[in-house]
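Peer 1:
Numbering (our numbering), first residue to last: 140 to 253.
1. Could you please give me the residues that DSSP links to residue 157 through a beta bridge?
2. The alpha helix (DSSP H) that contains residue 226, what's its start and end?
3. What are the partner residues of residue 233, as DSSP defines its beta bridges?
4. Verify whether the separation of the beta carbon atoms of residue 180 and residue 212 is less than 7 Å.
5. Tell me, to the nearest whole angstrom, how far the beta carbon of residue 207 is from that of residue 247; I am working on the premise that it is less than 8 Å.
6. Are there any heavy atoms of the ligand ATP lying less than 6 Å away from the beta-carbon of residue 240, as far as the coordinates show?
7. Rounded to whole angstroms, how far is the Cβ of residue 216 from the Cβ of residue 184, which I believe are closer than 8 Å?
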């Protein structure tokens with residue numbers, strides 16, 4: 140996927156990559172970081188991915204990893220809303236603390252390349 144320039148607040152170039160076959164290599168590190176903050180929102184995609192229950196693979200859906208300087212900076216999913224079929228739902232968004240308020244989450248949310 141084409142890199143998105145999110146240099147808001149001095150953040151370097153951000154590369155968005157769809158997660159397709161396996162969760163990102165640094166996913167468990169980011170998940171542990173989230174848990175240390177008291178957030179368990181990445182536990183669900185980990186278990187759903189392992190079981191195959193949710194792979195963000197329906198048309199229009201995506202699980203996106205955002206990389207900054209080659210490091211996993213954020214992850215977030217977009218799914219079809221179960222109640223409003225023409226709407227999308229943002230799910231399981233997490234941005235690492237050092238990169239919050241830089242626009243990375245918005246880059247994922249506004250991605251139209253899925």
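We put the beta carbon where it would ideally sit given N, CA and C, even for glycine. This one's a predicted model, so the numbers in the text were calculated from it and none came from an experiment.
Peer 2: Short version:
1. Residue mapping note: residue 157 aligns to position 18 of the chain shown, counting from 1. Residue 157 pairs with 203.
2. Residue numbering aside, residue 226 sits at position 87 when the chain shown is read from its first letter. Where residue 226 is concerned, there is no enclosing alpha helix (DSSP H), given that its DSSP letter is neither H nor E.
3. Here residue 233 corresponds to residue number 94 of the chain shown, with the count starting at 1. For residue 233, which the question treats as bridged, DSSP gives the partners 214.
4. Position 41 of the chain shown holds residue 180. Position 73 of the chain shown holds residue 212. For residue 180 and residue 212, no; Cβs fall outside 7 Å.
5. Looking up residue 207 in the chain shown gives position 68. Looking up residue 247 in the chain shown gives position 108. Going by Cβ atoms, the distance from residue 207 to residue 247 rounds to 12 Å, so no, they are not a contact pair.
6. The ligand ATP is not part of the structure shown, which contains no ligands of any sort.
7. Taking the chain shown and counting its residues from 1, one reaches residue 216 at position 77. Taking the chain shown and counting its residues from 1, one reaches residue 184 at position 45. With a Cβ gap of about 7 Å, residue 216 and residue 184 count as contacting.
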